[in-house]
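Novice: This is the structure, below, for whatever I ask next.
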Amino acid sequence: MTDGAPRGSATEWRHHWPVVLASGAGIALSSTHVYMIGPLTAPLEREFGWSRAEITSGLAIVSALGVCLAPLIGLLIDRYGPRVIGLVGICALCGAIMLLSIASQNIWSWWILWFLLGICALFIKPTIWIAAVSGFFSASRGLALAVTLCGTGIGSTLTTLIAATLADRYGWRTALIGLGSFWLVVTLPIALLFLARSPRRRGDRHPASPMVDRSALPGLGRREGLTSPSFVKLAIAAFLIAIVAVPFAALLVPILGSTGLERGTAASIASMVGIASLVGRLGMGSLVDRTDGRWLAAISVSLPILASGLLLYAPGSIPMASAAAIVLGLSLGAELDLVAYLATRHVGLRNFGLLFGVIAGLLSLATGMGPLIVSHVYDVTGSYTLILWAYMPVCLVSAALFLGLGPYPDFDQQE
989 MTDGAPRGSA TEWRHHWPVV LASGAGIALS STHVYMIGPL TAPLEREFGW SRAEITSGLA
1049 IVSALGVCLA PLIGLLIDRY GPRVIGLVGI CALCGAIMLL SIASQNIWSW WILWFLLGIC
1109 ALFIKPTIWI AAVSGFFSAS RGLALAVTLC GTGIGSTLTT LIAATLADRY GWRTALIGLG
1169 SFWLVVTLPI ALLFLARSPR RRGDRHPASP MVDRSALPGL GRREGLTSPS FVKLAIAAFL
1229 IAIVAVPFAA LLVPILGSTG LERGTAASIA SMVGIASLVG RLGMGSLVDR TDGRWLAAIS
1289 VSLPILASGL LLYAPGSIPM ASAAAIVLGL SLGAELDLVA YLATRHVGLR NFGLLFGVIA
1349 GLLSLATGMG PLIVSHVYDV TGSYTLILWA YMPVCLVSAA LFLGLGPYPD FDQQE
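Sequential numbering of the sequence shown, starting at 989, is according to the numbering used here.
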C-alpha cells in the first residue's frame, strides 16, 4: 500500500467495500458447478443409468483444464486486472450450466458439455476475486477475504436447495436451466455496478489495476516464489485439504442418502454446510488479522476428521448428520480463506496472480479428482465408509504442512 492509500481497517472498508461485494458475488457463482452435482446425481442415475463416477467425471474434466490453464489466467489477471475477465466469465459460465441440460444418453455428450463448461469456468476462478480484494486491503485483509469468500457458503447453500427443489419438481434439465438463469440475474448486475466502481485513487497499486507496474509491489519474483519452501508447503497443504473438503461437501447429499436418510432430509442437512461456512469464514477472518494464520489453518483443516467420525459413529442419525454438516461447514468456511491470506503474506502481491494461479490449479485438480475418486470407491464397494476413514490421515498431513510454514516475511525490509 502506498503513502497515498488509506490506512486502517475502518478507512479501508469505507473506501473499498464495493469490490468486496462484487467479488463475493463472483465467488458465489464460481462454485455452482461443484455443488449442483450432489442433488442431480440420483436423477441422472435414474434417467441414463450412468455410474456415479461417470456423472462426477465432468468435474475431473474441469479440473484438468484448470491445472493446465489456471496459471495463464493468473498472468492475465496480473496484466489486465479482474474486471473484464470476471464479467466475461459470469456470462460464459451461466450459459454453460444451462447448456448442460441438452445432454443425451450418450456419455460423450455429457463430457463435451463439461469440457465447454471447464473453459468458461477458467474466467471466474477465485483467483480473480481474491486478487482484486487483496490489492485494496492490508490492515483488514483477512476479514476482507473472509467476507468475500462467504460467497462460497451462500452459493453452496442456494445451489443445493435450488438444484434439489427444481430437480424433484421439474426434472434435472429444468434445474440446470434454472440455476444458470438465477446466477446470471444475481451476479452480473452486481459485478457491472460495483466492480466498475472499485476505487482507483491516484497512487494506488493493486492487482485490480490494468497494466500495473508489478515490480513496485512487495513480494517474491516468479521463479523465487515458485521455488520457495513456504509456497511449496502451502500448495501441497491446500491440495490435500481440497481433495477432502470439496468432495465431502459436494457429495454430502448422496453420502447421507447412503446412510438411510431420505433425499429431501439429506438435502436440507447438506444446506447447513453453506450456512456454517459463513460463521467459519467470518470468525477466522476476524482472527487471522490478529494472530498467526498457521495455527488457524491447522485447526481448520482438522475439522473434517470430526465430521467423518460423527457419520461413522452413528450412520442414519439426523442429529449426528446435522452436527457433521456444521463441522464440515466451519472447515470449508476457513480453509480457502486462510490459504489465500497466507499466500498474500508468504509470496506477496507482486506476482500474486501467477503464484496463486498455480495453487488454484491444484485446487481445481483436487476439485475434479476428489468427487471422481469418491464416486468410484462407492461404485466398487457400495459404501462411502472407506472414504470417510481415508479423510482422517489426509487432513492430519495437511495440518502438519500448515504448521511447518515459517513466520510472515517482511518484503519491504528485504527490498
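In this text, a Cβ means the ideal position worked out from N, Cα and C, and glycines have one as well.
Since we're looking at a predicted model, the values are computed, not measured.
(1) Between the C-alpha atoms of G971 and L1075, what's the straight-line distance to the nearest angstrom?
(2) Let's test the definition: count the other Cβ atoms within 10 Å of the Cβ of Y1372 and tell me whether it reaches 16, buried, or not, exposed.
(3) With I1375 as the anchor, note down where its alpha helix (DSSP H) starts and where it stops.
(4) Quick check on G1077: does DSSP put it in helix, strand or coil?
(5) Using the Cα positions of P1027 and L1244, report the straight-line distance between them to the nearest angstrom.
(6) For G1262, count neighbouring C-beta atoms within 10 Å of its own C-beta (all shown protein chains included) and say buried if the count is 16 or more, exposed if not.
(7) If you draw a straight line from the C-alpha of S1246 to the C-alpha of P1397, how long is it?
(8) Under 8 Å, with one C-beta from each stretch per pair, do the segment 1002 to 1016 and the segment 1132 to 1151 reach the 3-pair mark?
(9) Would you mind reading off the limits of the alpha helix (DSSP H) that contains S1039?
(10) Got a sec? Which residues, its chain only, sit under 7 Å from W1038 by beta carbon, not counting five neighbours each side?
(11) Any idea if P984 is buried or exposed, counting beta-carbon neighbours within 10 angstroms, 16 or more meaning buried?
(12) May I ask you to report which of helix, strand or coil DSSP gives G1349?
(13) Assuming L1064 and I1073 are in contact, meaning their beta carbons sit under 8 Å apart, how far apart are those beta carbons, in whole angstroms?
(14) What are the residues that DSSP puts in a beta bridge with G1106?
(15) Label S1288 either buried or exposed according to how many other C-beta atoms from any shown protein chain fall within 10 Å of its C-beta, with 16 as the threshold for buried.
(16) Ends of the alpha helix (DSSP H) at I1112?
(17) In three-state terms, what does DSSP make of G1281?
(18) Which stretch, first to last residue, makes up the alpha helix (DSSP H) that contains E1000?
(19) Counting Cβ pairs, one atom from each stretch, are 3 or more of them under 8 Å apart for the segment 1233 to 1244 and the segment 1084 to 1098?
(20) Roughly how many angstroms separate the alpha carbons of S1319 and G1159, rounded to a whole number?
(21) Once you ignore the five residues that flank A1328 on each side, which residues in its own chain have a CB closer than 6 Å to its CB?
(22) According to the neighbour-count rule (16 or more other Cβ atoms, all chains shown, within 10 Å of its Cβ), is R1190 buried or exposed?
(23) Suppose contacts are defined by Cβ-Cβ distances below 8 Å. Is S1310 in contact with C1383 by that definition?
(24) To the nearest whole angstrom, what separates the beta carbons of I1142 and P1070, a pair I think is in contact under 8 Å?
(25) Quick one: using the 10 Å Cβ neighbour count with 16 as the cut-off for buried, is R1002 buried or exposed?
(26) Report yes if the C-beta distance between I1229 and S1386 is below 8 Å; otherwise report no.
(27) Output the distance between the C-alpha atoms of A1388 and L1146, rounded to the nearest integer angstrom.
(28) Helix, strand or coil for T1136? Go by DSSP, reduced to three states.
(29) Would you mind sorting D1367 into buried or exposed? The rule is 16 or more other CB atoms within 10 Å of its CB.
(30) Could you name the residues of the same chain whose beta carbon sits closer than 6 Å to that of A1254, not counting the 5 residues immediately before and after it, in chain order?
(31) Tell me, please, whether the segment 1166 to 1176 touches the segment 1041 to 1056 by the rule of three or more beta-carbon pairs shorter than 8 Å.
(32) Going by DSSP, what residue range makes up the alpha helix (DSSP H) through M1419?
(33) I need the DSSP call for Y1396, collapsed to helix, strand or coil.
(34) Find the nearest neighbour of L1393 within the set W1283, I1375, A1152 and P1006, judged by alpha-carbon distance.
Specialist: In brief:
(1) With the chain represented from 989 up to 1403, any question about residue 971 goes unanswered, as that position is not in the structure.
(2) buried
(3) T1373 to L1391
(4) helix
(5) 12 Å
(6) buried
(7) 47 Å
(8) yes
(9) Note, S1039: premise wrong, no alpha helix (DSSP H); not H, not E.
(10) L1032 and I1095
(11) Residue 984 lies beyond the stretch modelled for the chain, which goes from 989 to 1403, so this question has no answer here.
(12) helix
(13) 6 Å
(14) In DSSP, G1106 forms no bridge with anything.
(15) buried
(16) Looking at the DSSP string, I1112 is not in any alpha helix (DSSP H), and its letter there is neither H nor E.
(17) helix
(18) S997 to S1018
(19) no
(20) 32 Å
(21) I1118 and L1133
(22) For R1190, the predicted model reports a pLDDT of 39, less than 50, meaning its position is unreliable and no value from the coordinates is stated.
(23) no
(24) So it is not a contact: roughly 19 Å between Cβ atoms.
(25) exposed
(26) yes
(27) 33 Å
(28) helix
(29) exposed
(30) V1241, L1244 and G1245
(31) no
(32) Nothing can be reported for residue 1419, as the shown portion of the chain is limited to 989 through 1403.
(33) coil
(34) W1283
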